[in-house]
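Student: In this note's numbering, the protein residues as written are 5 to 381.
Glycine included, every Cβ here is placed at the ideal spot set by N, Cα and C.
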Amino acid sequence: LSHWEQKMTDKSIKPVASIHIKIKDFLQQWDKSSKKDRLRILQRFVKHFQPQSDGNNHYRVAMIDAELGEIAPLFFSRIVSSFQINHLNSHMVSCHVDAILLYLQSLHSAQYTQRFINCGGIQLILHVLHKQSATDIQSKCLLVLQLAIASNCKFKELICMDDGLQILLDLMVDKANMAKYELLYLLYTILKQLCVRNDVFTALIHESIFDCIAGHAHNHEAVKLLLKVLQSTLRFDDDVRFRSAGNDEHDESHQDIECVASDAADSASERRIASETEYAVKKHSVNAENLRQTLKLLHVGNHQIIYEVQRLCNVLFRSEKLQPVMLKCVLEFIDAKEDSDGGHDEYSSLLQKIISENSNILTIASKQLLINAQKAM
Numbered sequence: 005l006s007h008w009e010q011k012m013t014d015k016s017i018k019p020v021a022s023i024h025i026k027i028k029d030f031l032q033q034w035d036k037s038s039k040k041d042r043l044r045i046l047q048r049f050v051k052h053f054q055p056q057s058d059g060n061n062h063y064r065v066a067m068i069d070a071e072l073g074e075i076a077p078l079f080f081s082r083i084v085s086s087f088q089i090n091h092l093n094s095h096m097v098s099c100h101v102d103a104i105l106l107y108l109q110s111l112h113s114a115q116y117t118q119r120f121i122n123c124g125g126i127q128l129i130l131h132v133l134h135k136q137s138a139t140d141i142q143s144k145c146l147l148v149l150q151l152a153i154a155s156n157c158k159f160k161e162l163i164c165m166d167d168g169l170q171i172l173l174d175l176m177v178d179k180a181n182m183a184k185y186e187l188l189y190l191l192y193t194i195l196k197q198l199c200v201r202n203d204v205f206t207a208l209i210h211e212s213i214f215d216c217i218a219g220h221a222h223n224h225e226a227v228k229l230l231l232k233v234l235q236s237t238l239r240f241d242d243d244v245r246f247r248s249a250g251n252d253e254h255d256e257s258h259q260d261i262e263c264v265a266s267d268a269a270d271s272a273s274e275r276r277i278a279s280e281t282e283y284a285v286k287k288h289s290v291n292a293e294n295l296r297q298t299l300k301l302l303h304v305g306n307h308q309i310i311y312e313v314q315r316l317c318n319v320l321f322r323s324e325k326l327q328p329v330m331l332k333c334v335l336e337f338i339d340a341k342e343d344s345d346g347g348h349d350e351y352s353s354l355l356q357k358i359i360s361e362n363s364n365i366l367t368i369a370s371k372q373l374l375i376n377a378q379k380a381m
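1. Pull up the distance between the alpha-carbon of residue 403 and that of residue 328, whole angstroms please.
2. What are the start and end residues of the alpha helix (DSSP H) that includes residue 108?
3. Keeping to the same chain, check which residues put their C-beta closer than 7 angstroms to that of residue 159; ignore five residues upstream and five downstream.
4. Leaving out five residues before and five after residue 42 in sequence, what residues of the same chain have Cβ atoms less than 7 angstroms from its Cβ?
5. Is the region 215-226 in contact with the region 178-189, if contact means three or more CB pairs nearer than 8 angstroms?
6. Looking only at its own chain, which residues have a Cβ that is under 8 angstroms from the Cβ of residue 161, when we skip the five neighbours before and after it?
7. With respect to the alpha helix (DSSP H) encompassing residue 379, which residues constitute its N-terminal and C-terminal limits?
8. For residue 323, which beta-bridge partners are listed by DSSP?
9. Grouping DSSP H, G and I as helix and E and B as strand, with all else coil, what is residue 168?
10. Please report the distance separating the alpha-carbon of residue 145 from that of residue 370.
11. Report the residue from 186, 112, 37, 309 whose alpha carbon sits nearest the alpha carbon of residue 221.
12. How is the alpha helix (DSSP H) around residue 210 delimited, first residue to last?
13. Is it the case that the Cβ atoms of residue 67 and residue 111 are separated by a distance below 8 angstroms?
14. Would a check of beta-carbon distances place residue 49 closer than 8 angstroms to chain B?
15. Drop a sphere of 10 angstroms on the beta-carbon of residue 212, count the other beta-carbons inside from all chains shown, and report buried for 16 or more, exposed for fewer.
16. Rounded to whole angstroms, what is the Cα-Cα separation between residue 192 and residue 237?
17. Write down the C-beta distance between residue 365 and residue 245 rounded to the nearest angstrom, noting that I regard them as a contact closer than 8 angstroms.
18. For residue 136 and residue 377, what's the separation of their Cα atoms in angstroms?
19. What's the call for residue 1, buried or exposed, on a 16-neighbour Cβ count within 10 Å?
20. In chain order, what residues of the same chain lie with their CB nearer than 8 angstroms to the CB of residue 313, ignoring the 5 residues before and after it?
21. In chain order, what residues of the same chain lie with their CB nearer than 6 angstroms to the CB of residue 320, ignoring the 5 residues before and after it?
22. Heavy atom of the ligand ADP less than 7 angstroms from the Cβ of residue 112, yes or no?
23. On the DSSP letters alone, give me the boundaries of the alpha helix (DSSP H) that residue 71 sits inside.
24. For a test of the three-state rule: what should DSSP assign to residue 77, helix, strand or coil?
25. Using a Cβ-Cβ cutoff of less than 8 angstroms, which residues in the same chain neighbour residue 143 once the five nearest sequence positions on both sides are dropped?
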């Protein structure tokens with residue numbers, strides 16, 4: 005502590021017995037300092053505790069309280085207060101966020117994260133993300149959000165409130181960020197985290213992602229990552245895989261009886277497709293229009309995006325209610341008489357792959373749709 009305090013406050017060497025006086029003097033010096041002097045103090049603080057590239061002083065991040073003692077929480081309050089005042093000053097904001105990040109990674113990170121949230125830190129970070137265009141500042145702010153989410157999943161709701169979700173999506177699809185892969189991956193990770201154990205906003209996040217994909221189809225990097233978010237976070241209460249797993253245990257004679265019953269139920273299932281579609285919209289926040297816009301990505305001609313769309317279709321196919329809705333959308337594209345982009349073969353190929361990879365979970369309604377489509381050919 006004495007080594008750091010000597011650099012931060014007084015150049016003279018004072019005896020260990022006067023340590024409490026030095027702490028008091030340091031806080032008073034901060035309170036009386038100008039913006040320029042406070043920035044210099046912050047820079048020295050960050051330089052001392054921030055891990056170096058060789059990782060030799062990584063332990064210091066976790067030992068802020070041990071080194072600073074009672075000054076640690078008091079100095080944190082002053083850093084946050086200064087950040088609130090100077091968050092629009094691009095020259096000062098970076099160092100402030102660096103200092104906050106050090107506290108949020110310290111041994112008592114949960115305590116500091118809670119204090120930061122209570123004083124409006126999430127809203128402040130989102131505001132900086134919205135106003136600051138520097139990549140390094142944006143990345144540091146996203147790291148703060150990531151640490152907040154890791155500390156307490158309830159903080160996810162704060163991020164999603166107001167315009168927080170839209171700010172993150174706007175950053176994802178910003179053309180200026182197309183080649184900033186580290187920034188995009190941070191956004192991808194945060195969006196995934198926001199969809200997990202966030203019952204209040206998960207449906208809204210998924211719906212917003214579908215809309216974002218539809219509006220920015222030519223931003224290939226962003227679209228690929230957004231499709232991956234949907235693939236990994238969409239969950240369904242009516243997952244047919246569990247039902248089919250139970251059916252696999254039946255013997256052949258029982259399967260024959262089921263086949264007869266299925267034939268008898270085909271016509272009734274076909275009549276239920278319309279109501280199932282409406283139910284799917286309300287239950288999953290995935291509707292036919294979202295699916296059509298996503299399927300149009302096959303026209304982009306990007307092999308990676310086509311692959312991600314196929315994977316998403318496999319995920320959607322797990323829902324008993326969404327399964328016939330998705331098949332109906334694919335069949336509409338195949339049946340379209342005018343397709344100037346030559347997408348007919350791509351949609352036929354998509355349908356074949358979906359059926360081939362998910363034949364064991366086809367529902368009665370889906371089978372009837374396929375039978376009717378085959379008859380109409």
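Tutor: Put simply:
1. This structure leaves residue 403 out entirely; the chain is present only between 5 and 381.
2. One-based indexing of the sequence shown puts residue 108 at position 104. Counting along the chain, the unbroken alpha helix (DSSP H) around residue 108 starts and ends at 94-108.
3. Reading the sequence shown from its first residue, position 155 is the one you call residue 159. Around residue 159: 121, 126, 152, 153.
4. Here residue 42 refers to the residue found at position 38 when the sequence shown is read from its first residue. Taking residue 42 as the centre and dropping the five residues before and after it, the same chain places the C-beta of 34, 86 closer than 7 angstroms to its C-beta, in chain order.
5. With the cut-off at 8 angstroms, the region 215-226 and the region 178-189 touch.
6. Your numbering for residue 161 matches position 157 in the sequence shown. Counting only Cβ-Cβ distances below 8 angstroms, and skipping sequence neighbours, we find 202, 204, 205.
7. As a position in the sequence shown, residue 379 is number 375, starting the count at 1. Note, residue 379: alpha helix (DSSP H), 368-380.
8. Numbered from its first residue, the sequence shown carries residue 323 at position 319. Partner residues in the beta bridge of residue 323, as assigned by DSSP, are 243.
9. Reading the sequence shown from its first residue, position 164 is the one you call residue 168. In the structure shown, residue 168 sits in a helix (DSSP, three-state: H, G or I).
10. Counted from its first residue, the sequence shown places residue 145 at position 141. Counted from its first residue, the sequence shown places residue 370 at position 366. Roughly 46 angstroms separates the two Cα atoms.
11. For the purposes of this step, residue 221 is identified with residue 217 of the sequence shown, where counting begins at 1. Among 186, 112, 37, 309, the Cα nearest to that of residue 221 is on 309.
12. If you number the sequence shown from 1, residue 210 lands on position 206. Here the alpha helix (DSSP H) through residue 210 covers 206-219.
13. Working through the sequence shown from its first residue, we reach residue 67 at position 63. Working through the sequence shown from its first residue, we reach residue 111 at position 107. One thing to note: residue 67 has its Cβ within 8 angstroms of the Cβ of residue 111.
14. Protein chains in the displayed structure number just one, and chain B is not present.
15. As a working mapping, residue 212 is identified with position 208 in the sequence shown. By the neighbour-count rule (16 or more Cβ atoms within 10 Å), residue 212 is buried.
16. Here the question's residue 192 lines up with position 188 in the sequence shown. Here the question's residue 237 lines up with position 233 in the sequence shown. Taken atom to atom, the span from the alpha-carbon of residue 192 to that of residue 237 is near 12 angstroms.
17. On the sequence shown, residue 365 is found 361 positions in, with the first residue counted as 1. On the sequence shown, residue 245 is found 241 positions in, with the first residue counted as 1. Right, their Cβ atoms sit about 6 angstroms apart.
18. Position 132 of the sequence shown holds residue 136. Position 373 of the sequence shown holds residue 377. Answer to the nearest angstrom: the Cα atoms are 53 angstroms apart.
19. With the chain covering only 5 through 381, there is no way to say anything about residue 1.
20. Numbered from its first residue, the sequence shown carries residue 313 at position 309. Same-chain partners within the cutoff: 231, 298, 299, 301, 302, 354.
21. Position 316 of the sequence shown, counting from 1, holds the residue named residue 320. Excluding sequence neighbours, residue 320 sits near 326, 330.
22. The model depicted lacks the ligand ADP and carries no ligand whatsoever.
23. Residue numbering aside, residue 71 sits at position 67 when the sequence shown is read from its first letter. Where residue 71 is concerned, the enclosing alpha helix (DSSP H) stretches over 68-72.
24. Sequence index remark: in the sequence shown, residue 77 carries index 73 (1-based). Here residue 77 sits in helix by DSSP.
25. Position 139 of the sequence shown holds residue 143. 186, 187, 190, listed in sequence order.
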